[in-house]
Structures are given as C-alpha cells and as structure tokens.
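The numbering used here puts the sequence shown at residues 12 to 279.
C-beta atoms are modelled at their ideal positions from N, C-alpha and C, and glycine is treated no differently.
Below: the structure, in structure tokens.
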Amino acid sequence: MWKVRLDGTDEYLPPFALGTWDIRDRKRMVQTIRLALEMGINHIDTAEMYPGAEETIAEALRGVDRQGVFIVSKVLPYHASYKGTKEALEKTLRRLNTDYVDAYLLHWWDGSYPLEETFRAFDELIDEGKMRYAGVSNFSRRELEEAVRIFSPRPIIFDQVKYNLSDRRAEVDILPLCRKHGITMTAYSPLWQGRYPSPEKWRVLEMVGRKYGATPFQVALNFLLTRNRDIIAIFKTENPDHLRENLDSLNFELSPEDVELIDRTFPA
Ligand SMILES: NC(=O)c1ccc[n+]([C@@H]2O[C@H](COP(=O)([O-])OP(=O)(O)OC[C@H]3O[C@@H](n4cnc5c(N)ncnc54)[C@H](OP(=O)(O)O)[C@@H]3O)[C@@H](O)[C@H]2O)c1
Numbered sequence: 012m013w014k015v016r017l018d019g020t021d022e023y024l025p026p027f028a029l030g031t032w033d034i035r036d037r038k039r040m041v042q043t044i045r046l047a048l049e050m051g052i053n054h055i056d057t058a059e060m061y062p063g064a065e066e067t068i069a070e071a072l073r074g075v076d077r078q079g080v081f082i083v084s085k086v087l088p089y090h091a092s093y094k095g096t097k098e099a100l101e102k103t104l105r106r107l108n109t110d111y112v113d114a115y116l117l118h119w120w121d122g123s124y125p126l127e128e129t130f131r132a133f134d135e136l137i138d139e140g141k142m143r144y145a146g147v148s149n150f151s152r153r154e155l156e157e158a159v160r161i162f163s164p165r166p167i168i169f170d171q172v173k174y175n176l177s178d179r180r181a182e183v184d185i186l187p188l189c190r191k192h193g194i195t196m197t198a199y200s201p202l203w204q205g206r207y208p209s210p211e212k213w214r215v216l217e218m219v220g221r222k223y224g225a226t227p228f229q230v231a232l233n234f235l236l237t238r239n240r241d242i243i244a245i246f247k248t249e250n251p252d253h254l255r256e257n258l259d260s261l262n263f264e265l266s267p268e269d270v271e272l273i274d275r276t277f278p279a
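Quick look at the structure:
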C-alpha cells in the first residue's frame, strides 16, 4: 500500500482511513479500530456529531502510542464561532481522552459564523498545541478558495467530501482545486454508505471483480484510489472481515477495458 503525502507538512498517511459514523456495536468498533492500527491504518476519522464515536476511539486507543495515530475530528458549523470552536474542541479532547487532535475540520459551512472566526480559533488552537492541522469538509470550490485565502499562510490540509462511484462530482469539481492549493481530498462514503447502486450496475462490478478474484467493494475502492493516488478514502466498518476485504483492494490492476467499462457504468 502506498502512502499519501500531505502537502505543506511532513506527514505521510495510508490511502485509507477508518470512519466512525453510525457505530452499531461499540465493542466491535473498538476491536476493528485496534485491528486497523495493527494493519497499518492509523488515520481515524470522527466528529463531535457522531454519537459515542469519540469515546469509542478513546477506548480503542487505551495503551496505544498516541503519536502513532492520526485522529481527525470536526466541529459543527453552528458551534463554529470563535468561542464555540474552542469549547467544542475542549469537549472533543475530553471525549477522546487526549491532549490534541491531529486535524480539526469545520464539518460544513452553513454561514452561521464568518469563516474568519472559526479560522482565528483554529489558528490559536494550533499555537496552543490542541490541534496540529486545520481542514474543512463539504466545502464547495468557492468556499475552499475563501478558506485558503483566509487561513493563509497556514495550510488547509484536507477537504473531506463525498466521493464514490455513484457520486463522482468531487473528482471533477473539487479534486483539481485541492491539487492547485496543495490540499488532500479525503473521500467519505466511498462504499455508498451501505446503500449500494442498482442491481444492473452492481452486476458490472461483480463481473469485473470475478476476473481479479475481487469483490464489488474491492473493485470500487481500487477504481477510486488507483486512478487518484493523492486522495484518501475514509470507509467505515466495524466488521473485521470487511476491514480486511477493503484493505486488500489495492493489490490488483484493472485493465484499461475494465476501467473504461466502470467509467461508462458510473459516469463522473
Ligand atoms: N464529513 C462528512 O460530512 C462525512 C459524511 C459521511 C461520512 N463521513 C466519514 O466517512 C466515513 C465513511 O463514510 P460512511 O460511513 O458514510 O460510508 P461508507 O464507508 O461508504 O459505508 C459504510 C457502510 O458500508 C459497510 N461496509 C464497509 N465495508 C464493507 C464491505 N467490505 N462489505 C459490505 N459492507 C461494508 C459498513 O457496514 P459494516 O460496519 O457492517 O462493515 C457500513 O454500513 C464515516 O464513518 C465518517 O467518518 C464524513
């Protein structure tokens, strides 16, 4: 598995991160986080919005070298005033039982507060050692340009956006802008959030997968990541078998014909 370099930093991260939205069984999630770490996936994604997720991560990381883990959390836009951002991060740190997050993101921007306020808080929180890097999520092109302008000269390290075979808008819209500004695009819901595409489209992935001994999920992840080796896919699973399956998705090369077929079936 290759590593993705985060521009403007000395960080290298795996092409996969583990998400923690919608945990159904906390004990299984703890086991899956621990297994992910053993398998080299040290980038864990969470948010104040995800019920019980930050506490679950804290439980999974008990006894684990904190410096070896890259934790990302997010502030809700309606908490993202100057003061509210600082308070939200304090609560997140308490729930995570840690002194700092590696990256702190504005979950989305709804205009509740000017971006300048949120970023002023981010700036000070970085200086205070409570977050290492700042990022954004669900930012449009215009919002991203605005964020870069306001936060400069400090880097925005991520724009975390939805990206999967059935919704490839980010590939056309956001990825080129991320590249221009040295921002890493992190792709959430790469497995359709468990809501799979139509049976006909699914059959195409099954058919392609059979040639490589791969499942449709592996074909999907392979297609998304091998063509864009500078992005990171954040999938969620609390099933160790699914974790292994997903991490095993980059060890084959789709033929140009199969790439074209997938492209046609799931147009960008
Ligand atoms: N910034 C944002 O606004 C935003 C929005 C959405 C998500 N996110 C982040 O991105 C993460 C991932 O996105 P997501 O949770 O929406 O969707 P996802 O990763 O596309 O899909 C997760 C679903 O797929 C299932 N799954 C995973 N691997 C599988 C496999 N190999 N075979 C069958 N089923 C499989 C999981 O069930 P099992 O647990 O049973 O495996 C779960 O139900 C989230 O957890 C969250 O951290 C961010």
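Would you mind stating whether residue i and residue j have Cβ atoms separated by less than 8 Å?
i: residue 258; j: residue 244; result: no
i: residue 158; j: residue 126; result: yes
i: residue 93; j: residue 123; result: no
i: residue 87; j: residue 115; result: no
i: residue 106; j: residue 71; result: no
i: residue 28; j: residue 254; result: no
Spatial neighbours of residue i within its chain, please: C-beta separation below 7 Å, excluding the five flanking residues on both sides.
i: residue 263; result: 223, 225 and 233
i: residue 17; result: 24, 168 and 195
i: residue 30; result: 56, 199, 245, 246 and 247
i: residue 301; result: Residue 301 is absent from the structure shown; the chain starts at 12 and stops at 279.
Is residue i close to chain D, meaning its C-beta is less than 8 Å from at least one C-beta of that chain?
i: residue 24; result: The structure shown has no chain D; it contains just one protein chain.
Have a look at the options and flag the residue whose alpha-carbon is nearest the alpha-carbon of residue i.
i: residue 143; options: 104, 155, 249 and 180; result: 104
i: residue 78; options: 87, 94 and 55; result: 55
i: residue 40; options: 267, 102, 50 and 67; result: 67
i: residue 50; options: 265, 176 and 251; result: 251
i: residue 34; options: 180, 80, 183 and 204; result: 204
i: residue 172; options: 101, 32, 118 and 53; result: 118
i: residue 273; options: 211, 36 and 97; result: 211
i: residue 15; options: 279, 242, 138 and 256; result: 242
Going along the chain, which residues of its own chain have a beta-carbon closer than 6 Å to the beta-carbon of residue i, five neighbours each way excluded?
i: residue 130; result: 161 and 162
i: residue 154; result: 120
i: residue 269; result: 219
i: residue 260; result: 229, 232 and 233
Since residue i and residue j should fall inside the 8 Å C-beta cutoff, what is the C-beta to C-beta distance between them, to a whole number of angstroms?
i: residue 148; j: residue 277; result: 23 Å between Cβ atoms; not a contact.
i: residue 186; j: residue 239; result: 7 Å
Once you ignore the five residues that flank residue i on each side, which residues in its own chain have a CB closer than 8 Å to its CB?
i: residue 7; result: The requested residue 7 is not part of the displayed model; the chain covers only 12 to 279.
i: residue 201; result: 174, 175, 231, 232, 235, 244, 245 and 246
3 or more residues per run - each beta strand (DSSP E) lying fully within the region 188-223: 195-199
What runs of the beta strand (DSSP E), each 3 residues or longer, lie entirely inside the region 91-169? 112-117 and 142-148
List, from N- to C-terminal side, the beta strand (DSSP E) runs of 3 residues or more that fit wholly inside the region 219-251. 243-247
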